[in-house]
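In what follows, a structure is listed as structure tokens, so that the remarks can point back to it.
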Amino acid sequence: MQRRSLMFGALSSLLGANLVRAGGVPDWVPVPKWSPEVIPDLKTVSERMVYYFGSKYDYVLFSHSTCCVLDKGKEEQAAIDTAMQILLDIVGFHPDFATRTMTDGAVLVSYNESAFNVLPAEFTLENQAWVAAEHLQGLTEGEALWGKGGLNKFDQEAQMGLLGRSYMFLDAEARDVVQVIRG
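Read left to right, the sequence shown gives residues -22 to -1, 1 to 161 (mature numbering (1 follows the signal peptide of the UniProt record, and there is no 0)).
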């Protein structure tokens, strides 16, 4: 990864352009326009993550509610660095996501790496109307996804998935760690 960063830096210097956004997200990565100001309660998110995945892991929680699941026992800075790299790997490759409604009613958003967003049941119920109205802002430019209702037609769970993924993009850019949770 250092080699790739070095190459981006060298190319940027040669072209006189900034090829990297805030947080190290490459400039060519499409990001959603959606920057929701309402986020789930982070204490509830951390509690749900430990409940779902157990005490055999450690967790790094970011300010927009994205949580990375890590092998237990890394030193704090190593855990933070690993979590930040996980987010960059997701947005730098392809931010595919899947959703699952948990038995407690929360929506769990997962990615192709060990990062998740939990949208607690109370949060989804309280925010269902504005999410339904705004969820298409969670698509990146030119992105087309096949939902249960057809092309870019999403049920409530998938709408919450787009919200969670928007939080993940915000966390990848901001890189603001709130807490390292020891399982």
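Quick reminder that beta carbons are idealized off the backbone N, C-alpha and C, glycines included. Note that the structure is a prediction, hence the values are computed from the model and not measured.
Could you tell me whether the Cβ atoms of Val7 and Val69 are closer together than 7 angstroms?
To locate residue 7, count along the sequence shown from 1; it is residue 29. To locate residue 69, count along the sequence shown from 1; it is residue 91. Taking 7 angstroms as the Cβ cut-off, Val7 and Val69 qualify as a contacting pair.
C-alpha gap between Asp19 and Asp74, whole angstroms
As a first step, residue 19 is located in the sequence shown; it is residue number 41 there, counting from the start. As a first step, residue 74 is located in the sequence shown; it is residue number 96 there, counting from the start. Asp19 and Asp74: Cα-Cα distance of roughly 24 angstroms.
So Cys46 and Ala111 are supposed to be a Cβ contact under 8 angstroms. How far apart are they, rounded?
Locating residue 46 in the sequence shown gives position 68, where the first residue counts as 1. Locating residue 111 in the sequence shown gives position 133, where the first residue counts as 1. Not confirmed; about 30 angstroms, so no contact.
Going by the CB atoms, is the gap between Gly142 and Val87 shorter than 7 angstroms?
Counting from 1 along the sequence shown, the entry for residue 87 is found at position 109. Counting from 1 along the sequence shown, the entry for residue 142 is found at position 164. A contact, by the Cβ cut-off of 7 angstroms.
Evaluate contact between the region 145 to 152 and the region 42 to 57, counting only Cβ atoms and requiring at least three cross-stretch pairs below 8 angstroms.
yes
Tell me the DSSP secondary structure of Leu48 in three-state form.
Taking the first residue of the sequence shown as position 1, residue 48 is located at position 70. In this structure, Leu48 counts as strand in the three-state DSSP scheme.
State the start and end residues of the unbroken alpha helix (DSSP H) segment that holds Thr79.
Translated into the one-based positions of the sequence shown, residue 79 becomes position 101. Premise fails: Thr79 lies in the beta strand (DSSP E), 76 to 79, not in any alpha helix (DSSP H).
In whole angstroms, what is the alpha-carbon distance linking Gly139 and Glu53?
Numbered from 1 along the sequence shown, position 161 holds the residue referred to as residue 139. Numbered from 1 along the sequence shown, position 75 holds the residue referred to as residue 53. Gly139 and Glu53: Cα-Cα distance of roughly 31 angstroms.
Suppose only complete runs of 4+ residues qualify. What are the alpha helix (DSSP H) ranges in the region 68 to 127, listed by chain order?
99 to 112
Going by C-alpha distance, which of Val109, Ile159, Asp133, Ala56 is nearest Val16?
Taking the sequence shown and counting its residues from 1, one reaches residue 16 at position 38. Checked all of Val109, Ile159, Asp133, Ala56; the closest Cα to Val16 is Val109.
Give the secondary structure of Asp19 by DSSP, where H, G and I count as helix, E and B as strand, and everything else as coil.
Stepping through the sequence shown from its first residue, residue 19 is reached at position 41. Of the three classes helix, strand and coil, the one that applies to Asp19 here is coil, per DSSP.
Less than 8 angstroms between C-beta atoms, sequence neighbours within five positions excluded: which residues of the same chain meet that for Tyr35?
As a first step, residue 35 must be located in the sequence shown, where it is residue number 57. Contacts found: Val47, Leu48, Asp49, Lys50, Gly161.
For the candidate residues Asn105, Gln134, Leu97, Gln157, whose alpha-carbon lies nearest to that of Arg26?
As a first step, residue 26 must be located in the sequence shown, where it is residue number 48. When each option's Cα is compared against that of Arg26, the closest is Leu97.
Can you name the residues that DSSP bridges to Arg160?
What you label residue 160 is simply residue 182 of the sequence shown in a count that begins at 1. Answer by DSSP bridge pairing, in chain order: Asp36.
Around the Cβ of Gln106, are there at least 16 other Cβ atoms within 10 angstroms (buried) or fewer (exposed)?
Here residue 106 corresponds to residue number 128 of the sequence shown, with the count starting at 1. With fewer than 16 other Cβ atoms within 10 Å, it is exposed.
7 angstroms Cβ shell around Gly116 - same chain, five flanking residues per side excluded
The residue given as residue 116 occupies position 138 in the sequence shown. If we look at Gly116 and ignore the five residues flanking it on each side, its Cβ neighbours are Pro10, Trp12, Leu140, Leu141, Arg143, Ser144.
Same chain only: Cβ atoms within 6 angstroms of Phe101, ignoring 5 sequence neighbours per side
Locating residue 101 in the sequence shown gives position 123, counting from the first residue. Within the same chain, Phe101 has close Cβ partners Pro18.
Span of the alpha helix (DSSP H), counted from its first residue to its last, around Phe147
Indexing the sequence shown from 1 puts residue 147 at position 169. Run containing Phe147: 134 to 152, per the alpha helix (DSSP H) assignment.
DSSP state of Val9 mapped onto helix, strand, coil:
By 1-based counting over the sequence shown, the position of residue 9 is 31. Residue state, collapsed to three classes: coil.
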